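> The structure under discussion is supplied below as structure tokens; questions concerning it will follow.
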Amino acid sequence: VQVGQEEGATLATGGTRLNDALANGNYFAATLFTNASRHMRIACEEVFGPFLTVIPFDSETEALEIANEVRYGLAGYLWTNNVARAHRFAQALDVGMVWVNSQNVRHLPTPFGGMKASGIGRDGGDYSFDFYMETKNIAVALGDHRIPRMGV
25 VQVGQEEGAT
35 LATGGTRLND
45 ALANGNYFAA
55 TLFTNASRHM
65 RIACEEVFGP
75 FLTVIPFDSE
85 TEALEIANEV
95 RYGLAGYLWT
105 NNVARAHRFA
115 QALDVGMVWV
125 NSQNVRHLPT
135 PFGGMKASGI
145 GRDGGDYSFD
155 FYMETKNIAV
165 ALGDHRIPRM
175 GV
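Shown next, in the form of structure tokens:
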């Protein structure tokens, strides 16, 4: 929150720790920053929590450029009434998971993981087996056979 304010974004709401029953945890009120630019740290770094940075854009192309130019790619969220745009944009996002018109509601058998500097693969469902295994191909000739001379 402090970094966002120092870089010139406007704290529209939230930005405070929750007290009372949650005082012993690291809980923040839902936080919204406006008047942000794409190069601010609050727009370029992974901020985990109820935290939203609003960055204006003029076209779908510019919005996608803003979203994909960051180093991270854990998840993306799209809010639109246009189903074709949702599919097109979701496919083009450099992230491991996309929610359209929804928050982070995850069905456990689906793959979980990010792209770029976010994550090291996929976990969840059958993807967990691949994630934790090192597969190896071993080919053994059990008899005489012609071995083709590749490229010679």
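With the working numbering applied, the sequence shown corresponds to residues 25 to 176, in that order.
From the three backbone atoms N, C-alpha and C, an ideal C-beta is built for every residue, glycine too.
On a predicted model such as this, the values are computed, not experimentally measured, just so you know.
With respect to the beta strand (DSSP E) encompassing residue 35, which residues constitute its N-terminal and C-terminal limits?
Segment 34-37, the beta strand (DSSP E) holding residue 35.
> Give the secondary structure of residue 10 by DSSP, where H, G and I count as helix, E and B as strand, and everything else as coil.
There is simply no residue 10 to check, as the chain begins at 25 and stops at 176 in what is shown.
> Output needed for residue 34: all residues of its chain with C-beta closer than 6 angstroms, excluding positions within five of it in sequence on either side, in chain order.
Residues of the same chain with a CB within less than 6 angstroms of the CB of residue 34, apart from the 5 flanking positions on each side, are 58, 59 in chain order.
> Are residue 4 and residue 143 touching if we call contact CB-CB under 8 angstroms?
Only positions 25 to 176 of the chain appear in the structure, and residue 4 is not among them; the question remains open.
> My output table needs one value for residue 134: the three-state DSSP class, helix, strand or coil.
coil
> Under the three-state reduction of DSSP, which class applies to residue 166: helix, strand or coil?
In the structure shown, residue 166 falls within a coil segment according to DSSP collapsed to helix, strand and coil.
> Leaving out five residues before and five after residue 81 in sequence, what residues of the same chain have Cβ atoms less than 8 angstroms from its Cβ?
87, 90
> Starting from the Cα of residue 67, find the closest Cα among 171, 25, 136, 114 and give me that residue.
25
> Are residue 124 and residue 114 touching if we call contact CB-CB under 8 angstroms?
yes
> From residue 43 to residue 145, what does the alpha carbon distance come to, in whole angstroms?
36 angstroms
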